[in-house]
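Colleague: Sharing a structure with you now.
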Amino acid sequence: MAAVSKEMTIGEILRVKPEVAPVLLEMGMHCLGCPSAQGESLEEAAMVHGMDIEVLMAKIDALN
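Using this note's numbering, you'd call the opening residue of the sequence shown number 40 and step up by one each time.
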């Protein structure tokens, strides 16, 4: 299973680990296909959405 890092873009994450999509949607990131998903890192997206990146990473890591 591919590792996910907070430096990856949402688009990269979805390409290597598509099962992360429901976690992102649950956390409030509903624009998984928008241009921002291709250009900003997961950490940047979390910041824009007012999320704690460590909480988000823990949820993603729990998928393993």
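By construction, the Cβ of each residue, glycine as well, lies at the ideal position given by its N, Cα and C atoms.
Contact check, Ile99 vs Val43 under 8 Å by CB: the rounded distance?
Modeller: 5 Å between Cβ atoms; contact.
Colleague: Tell me Ser44's beta-bridge partners as DSSP assigns them.
Modeller: Its beta-bridge partners do not exist; DSSP assigns none.
Colleague: Going by alpha carbons, who is nearest to Thr48 out of Gln77, Val55, Ala97, Ala60?
Modeller: Out of Gln77, Val55, Ala97, Ala60, Gln77 has the C-alpha closest to the C-alpha of Thr48.
Colleague: Counting only runs of 4+ residues fully inside the stretch 46-79, write out the alpha helix (DSSP H) ranges in chain order.
Modeller: Counting whole runs of 4 or more residues, the stretch 46-79 contains the alpha helix (DSSP H) stretches 49-55, 60-65, 74-78.
Colleague: Give the straight-line distance between the Cα atoms of Asn103 and Leu95, rounded to the nearest whole angstrom.
Modeller: Cα-Cα distance, rounded: 14 Å.
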